[in-house]
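Inspection log for the structure reproduced underneath, given as structure tokens.
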């Protein structure tokens, strides 16, 4: 099924110290390879897959009386997202089989058919985000 992963793995670590008002949250999430676009077997068009990649988020907060300062960073690793055709049918993305892996999907997609490697259709760098927040309770 499109968009459905064979597995989802989540873990959260939290530290909280009420004496000094410090709190830290570290979140890890990973989904398995999933179908990004369904192919058409009747015209010999295979499914397009999205690779599995880890996501790590961090949140730190510090309280001073009624004031709280919060720093959040999402997608710490900022690993690329690939949409690809698994042309060699080995169930994974094989970037090491490209002569110039950095160029593939950045300047132009590699649509040529080679049975020994995958065809990367899209390479996207989602980006890391950070936020700073301040709150005061009255």
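In our numbering, the protein residues as written are 1 to 138.
C-beta: ideal position from N, C-alpha, C; glycine also.
| Query | Result |
| --- | --- |
| Write down every uninterrupted run of the alpha helix (DSSP H) in the stretch 14 to 97 whose length is 4 residues or greater and which is fully enclosed by it, in chain order. | none |
| Would you give the residue range spanned by the beta strand (DSSP E) that residue 133 belongs to? | 129 to 136 |
| Is residue 2 helix, strand or coil when you go by DSSP? | strand |
| Using the three-state DSSP reduction, which class does residue 7 fall into: helix, strand or coil? | coil |
| Are the CB atoms of residue 66 and residue 52 within a distance shorter than 7 Å? | no |
| Three or more beta-carbon pairs under 8 Å between the stretch 70 to 79 and the stretch 116 to 128, yes or no? | yes |
| Between residue 88 and chain D, is there a C-beta pair that is closer than 7 Å? | As a matter of chain content, chain D is missing from the structure shown, which is built from one protein chain. |
| Residue 91: which of 46, 68, 134, 71 sits nearest, CA to CA? | 46 |
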